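Here my numbering is used: the first residue of the sequence shown is 16, the next is one more, and so on.
This report refers to the structure that appears directly beneath it.
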Amino acid sequence: MSKYPELIPNFLKFAKINTRSDPNSTTVPSSPRETEFLNMLKQTLIDMGLENVHTNDQSAYVFATLPATAEQAVPTVGFISHIDTADFNSENIQPKIVENYDGQSVIKLDEKGEYTLDPKVFASLKKYKGDTLITTDGSTLLGSDDKSGVAEILSAVKYLMDHPEIKHGTIKIGFGPDEEIGTGADRFDVKDFGADVAYTVDGGPLGDMNYETFNAADAKVSIKGTDVHPAEAKGIMVNAIQVGMDFHGALPDFDRPEKTEDREGFFHIYDFKGSVDHTEMAYIIRDHDRDRFEARKRLFQGIADQMNTDFGEDRIKVTIKDQYYNMGEIIEKDPTPVKIAEQAMKNVDVKPHIFPVRGGTDGSKISYMGLPTPNIFAGGENMHGRFEYVSEQTMVKAVDVILEIAKLYAEKVIGQKRSNYCSGH
Ligand SMILES: [Zn+2]
């Protein structure tokens with residue numbers, strides 16, 4: 016029997032339930048589907064016998080507590096996953112299981128074979144020789160992001176409950192909505208959660224860990240034109256579309272998503288609606304480095320200011336709103352959470368792969384609320400679409416890592432006590 020018998024059955028059950036979040040909604044959670052799913056999870060946690068299971072009013076997160084087994088005061092460690100899935104068809108999700116994958120065959124997703132997982136296209140498949148893969152049927156996403164995380168946390172907690180001889184501190188569990196639309200963690204209630212340190216279990220393949228994220232801002236540009244008949248336009252017309260193109264052209268040509276990688280930041284235009292009379296543009300601004308991030312915002316505003324000066328009137332209005340900051344700034348003050356997770360991975364033969372994520376995680380916001388929250392792998396590949404898949408063996412390792420993190424925090428305290436005692440004179 017599998018070490019974590021509920022892991023895959025739970026994942027398959029969760030994956031089949033549509034929990035797609037809704038970017039156009041203003042409710043929390045953004046869709047009633049999510050509320051239903053969170054209530055189901057809440058009942059699961061109650062049935063498992065966890066303590067203080069409740070829905071946090073301000074965030075709609077479901078929180079639960081697993082009491083400590085260690086006698087000493089051990090830091091309270093939280094594990095967090097989001098339950099919503101990305102902006103892709105999530106109706107009638109039918110996960111498929113490929114046992115003992117040979118690492119080279121083309122996997123047909125749908126009956127006709129219109130969509131396939133081909134190692135020539137997705138080289139990651141070659142890593143999974145001998146593994147059991149869970150894929151989609153080609154018509155939906157899988158939702159391994161982040162129902163793998165949910166199932167993994169539940170299995171880890173179940174394991175600890177079945178093995179009270181394992182010494183650990185208090186464990187907090189948090190399942191929340193709307194990560195994919197970037198709003199779920201905005202209302203996260205650090206005080207109610209009650210952890211000293213936390214991990215989002217929301218990363219990709221085996222060994223992935225992130226504690227650096229982008230600094231992020233959203234920027235809107237609104238341009239007022241002067242529309243007159245083209246025949247009599249000379250010296251009078253101000254074409255708001257042209258002004259928009261000029262504005263965009265004044266941004267650094269190479270600082271775009273399609274031309275940058277690793278730690279290179281960018282300006283990304285993602286919407287442009289224009290008429291001669293009025294044009295609206297929407298951008299995101301990203302940089303890992305805080306100073307460069309601030310400089311990017313100044314440059315963006317500065318282009319508008321200069322153009323307004325040239326016009327002799329304010330035609331271009333820029334609105335910049337910060338979205339989240341690089342959690343690396345917080346983690347670097349005390350890298351213990353990263354060191355522990357790194358050690359936890361090594362202890363269960365997983366090679367840590369730590370890299371700055373070119374995006375944000377729920378942990379970027381939560382870390383700035385005072386709870387350091389790096390992100391560890393949940394296992395998914397090709398997330399957010401029909402080619403998403405996950406390996407059962409990777410999911411088992413993710414549970415191993417969660418358990419190991421819980422143990423290491425306890426061992427650190429117990430070990431320190433012991434050495435203090437020995438050298439205490
Ligand atoms: Zn995710």
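Virtual Cβ for every residue (Gly too), placed ideally from N, Cα, C.
Note that this is a predicted model, so its numbers are computed, not measured.
Alpha carbon of residue i to alpha carbon of residue j, nearest angstrom
i	j	result
V68	V205	15 Å
K288	M296	6 Å
S139	E396	8 Å
P389	A359	14 Å
N435	A85	Because the pLDDT at N435 is just 46, under 50, the model does not fix this residue reliably, and the value given afterwards should be weighed accordingly. Each residue's Cα considered, the two are about 18 Å apart.
M322	I238	11 Å
I335	A232	7 Å
E328	D286	25 Å
G199	R307	27 Å
E195	S105	13 Å
K312	P24	47 Å
I355	R401	34 Å
R48	K123	30 Å
T324	V165	53 Å
M176	V416	16 Å
A319	D337	18 Å
I108	I391	25 Å
G430	T351	15 Å
F103	D133	21 Å
D277	I369	12 Å
T42	K127	40 Å
G197	D161	14 Å
E273	Q58	44 Å
Enclosing beta strand (DSSP E) for residue i [first to last residue]
i	result
T93	First, the amino acid is wrong: residue 93 is Gly here, not Thr. Note, G93: beta strand (DSSP E), 92 to 97.
Y298	293 to 302
Q338	331 to 339
K182	From DSSP, K182 is part of no beta strand (DSSP E); its letter is neither H nor E.
K235	230 to 239
L81	77 to 81
K288	281 to 289
E66	66 to 70
D217	212 to 218
Cβ shell of residue i (< 6 Å), same chain only, five flanking positions each side left out
i	result
F282	L266, D270, Y298, I300
V414	Y19, E167, S170, A171
V428	Q87, V89
T34	R48, E49, F52, I98, D99, T100
G158	A30, T100
T275	F281
D211	P90, T91
S382	M342, I345, T388
E357	P367
D242	V291, D292
C-beta atoms of residue i and residue j nearer than 8 Å
i	j	result
N341	F229	yes
A75	P38	no
S406	L148	yes
L22	M410	yes
L221	G374	no
T376	T215	yes
V291	F315	no
G521	D261	Outside the displayed span of the chain (16 to 440) sits residue 521, for which this structure offers no information.
K422	V365	no
S96	F190	yes
I420	Y226	no
F94	A213	yes
T151	V113	no
K144	D117	yes
K187	M63	no
D125	S154	yes
R330	V253	yes
H399	L156	yes
S36	P192	yes
Neighbourhood of residue i by C-beta distance below 7 Å, restricted to the same chain and skipping five residues each side
i	result
G184	A83, A85, V89, P90, T91, V92, Y424, A425
G439	Since pLDDT at G439 reaches only 37, below the 50 mark, its modelled position is unreliable, and no value is offered.
G218	M224, N225, N390, I391, F392, A393
I181	T84, L175, K422
N362	E419
Y130	L124, G153, R401
Contacting residues, own chain, Cβ-Cβ under 8 Å from residue i (five flanking each side not counted)
i	result
S256	What sits at residue 256 in the sequence shown is Ile, not Ser. Closer than 8 Å at Cβ, skipping near neighbours: G240, G289, S290, V291, T294.
K28	none
C-beta neighbour in chain C for residue i, strict 8 Å
i	result
Y174	Of the chains in the structure shown, none is chain C; there is only one protein chain.
Residue range of the alpha helix (DSSP H) that includes residue i
i	result
S379	377 to 383
K354	351 to 362
T324	305 to 326
M63	47 to 63
V243	No alpha helix (DSSP H) contains V243, which DSSP labels as neither H nor E.
V258	255 to 264
F392	Element bounds for F392: not the alpha helix (DSSP H) but the beta strand (DSSP E), 390 to 392.
Please go through the stretch 111 to 172 and give each complete beta strand (DSSP E) segment of 3 or more residues, from N-terminal end onward.
For the stretch 111 to 172, whole beta strand (DSSP E) runs of length 3 or above, ordered along the chain, are 111 to 113, 148 to 150.
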